[in-house]
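Some notes on the structure that comes next.
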Amino acid sequence: MQILGIIPARYASTRFPGKPLVDINGKSMIQRVYEQASSSGLTDVIVATDDQRILEHVHGFGGRAVMTAAHHQSGTDRCFEAYQLHDQPFDYVINIQGDEPFIKPEQIDLVATCFNNPQTQLATLIKKISTPEELFNVNAPKVVVNNHGEALYFSRQPIPYCRNVPNDIWHKQHTYYKHIGIYGYRTDILEQITQLPPSSLELAESLEQLRWLENGYRITTAITEYETIGIDTPEDLERIGFNV
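The numbering of the sequence shown is our numbering, which starts it at 62 and goes up by one.
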């Protein structure tokens with residue numbers, strides 16, 4: 062399989078401007094993501110950015126990067142433009158979050174294995190929830206899956222509701238999963254979903270992947286045992302022992 066890894070990287074983050082270029086123990090965040098992705102089994106890896114500073118920085122450490130439009134509303138849209146700009150055909154694209162500098166190459170490879178099934182349209186990772194704090198954290202989207210490992214629904218709230226069970230033991234009564242934000246796309250499906258308008262479920266939950274489900278696309282999931290550490294604010298870095 063020919064799989065292109067794309068790392069969307071915007072400079073203008075509301076909560077953390079210039080986040081891709083922040084130094085983490087001697088290397089920028091975007092360099093750490095790039096190196097982790099390059100250690101996986103991907104055919105090629107590129108950064109898709111809208112900022113000249115990020116483009117030059119990636120080229121400076123020997124990475125590959127392309128300049129994409131500033132108007133994109135999502136990483137998926139930016140990935141599709143970057144895929145179009147690439148001079149080599151690919152069967153699949155994997156969208157790797159640019160603010161997860163410690164993502165494991167094994168997680169990227171796990172997404173790729175979902176496409177061993179030619180029926181897979183879209184793929185992502187999920188992880189078992191083990192605490193009530195995770196379960197009721199609205200910033201950690203949850204996912205309900207069917208018996209085939211396909212996503213039925215994503216929500217910021219715990220689903221299903223455990224009737225007549227105290228909230229603090231719901232995770233012991235039912236297996237809940239949280240969503241790990243890495244996506245794989247069959248390239249023809251990637252083109253199709255970027256043409257879809259925002260959906261009512263997506264707007265209600267502020268979760269892009271609901272647009273795909275609402276329009277009948279199937280999302281295959283794979284279970285990871287690894288935690289991911291997303292960096293949204295300078296405080297997130299401080300919490301894991303790094304100063305900005």
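Even for Gly, the Cβ is constructed at its ideal location relative to N, Cα and C.
- [ ] Report yes if the CB atom of T104 is closer than 7 Å to the CB atom of Q63, and no otherwise.
- [x] yes
Task: Sequence-distant residues of the same chain with beta carbon closer than 8 Å to E266, five excluded per side - done: P202, F215, S216 and R217
Task: Contact belief for A70 with T110 at Cβ below 8 Å, rounded distance in angstroms - done: 5 Å
TODO: Could you tell me which of R224, N86 and R247 sits nearest to D180, measuring between CA atoms?
DONE: Per the sequence shown, the amino acid found at residue 180 is Gln instead of Asp. Out of R224, N86 and R247, R247 has the C-alpha closest to the C-alpha of Q180.
- [ ] Could you check how far apart the C-beta atoms of P219 and F197 are, in whole angstroms? I think they sit under 8 Å.
- [x] 6 Å
Task: First through last residue of the beta strand (DSSP E) which encompasses I280 - done: I280 to I284
Task: Euclidean distance between Cα positions of L186 and E269 - done: 15 Å
Open item on the list: Applying the 10 Å Cβ sphere with the 16-neighbour rule, what's the burial state of Q149?
Closed with: exposed
Task: Uninterrupted beta strand (DSSP E) stretches inside the stretch 157 to 217 (no shorter than 3 residues) - done: 183 to 189, 203 to 206 and 212 to 216
Open item on the list: Buried or exposed for R224, going by 16 or more other Cβ atoms inside 10 Å?
Closed with: exposed
Open item on the list: Give me, in chain order, the residues of the same chain whose beta-carbon lies closer than 8 Å to that of S260; leave out the 5 immediate sequence neighbours on both sides.
Closed with: L271, R272, E275 and N276
Task: Within 7 Å, strictly: CB atoms of K239 and K188 - done: yes
Task: Cα-Cα separation between L213 and D229, rounded to whole angstroms - done: 24 Å
Open item on the list: With distance defined between alpha-carbon atoms, name the residue in H209, E161 and H120 nearest to I284.
Closed with: H209
Open item on the list: Measuring straight from C-alpha to C-alpha, what distance separates A130 and H235?
Closed with: 43 Å
TODO: Under 6 Å Cβ to Cβ from G136, same chain only, skipping five residues before and after it: list those, please.
DONE: P69 and N156
Task: Span separating the alpha-carbon of N177 from that of A184 - done: 11 Å
TODO: Can you tell me the Cβ-Cβ gap for P314 and F141, rounded? I've got them flagged as a contact below 8 Å.
DONE: For residue 314 there is no data in the structure shown, the boundaries of the chain being 62 and 305.
Task: Nearest-angstrom Cα separation, counted from D170 out to I280 - done: 17 Å
- [ ] Indicate whether Y278 and Q182 have their beta-carbon atoms separated by less than 7 Å.
- [x] yes
Task: Cβ-based burial, V199 [other Cβ within 10 Å; buried from 16] - done: exposed
TODO: Have a look at the DSSP bridge pairing and note the partners of L65.
DONE: D105 and V154
Open item on the list: Taking the alpha-carbon of I290 as reference, which of Q134, D160 and E195 has the nearest alpha-carbon?
Closed with: D160
TODO: Taking G242 as part of the beta strand (DSSP E), name the residues at either end of that continuous run.
DONE: Y238 to R247
TODO: Could you have a look at I85 and say whether DSSP puts it in helix, strand or coil?
DONE: strand
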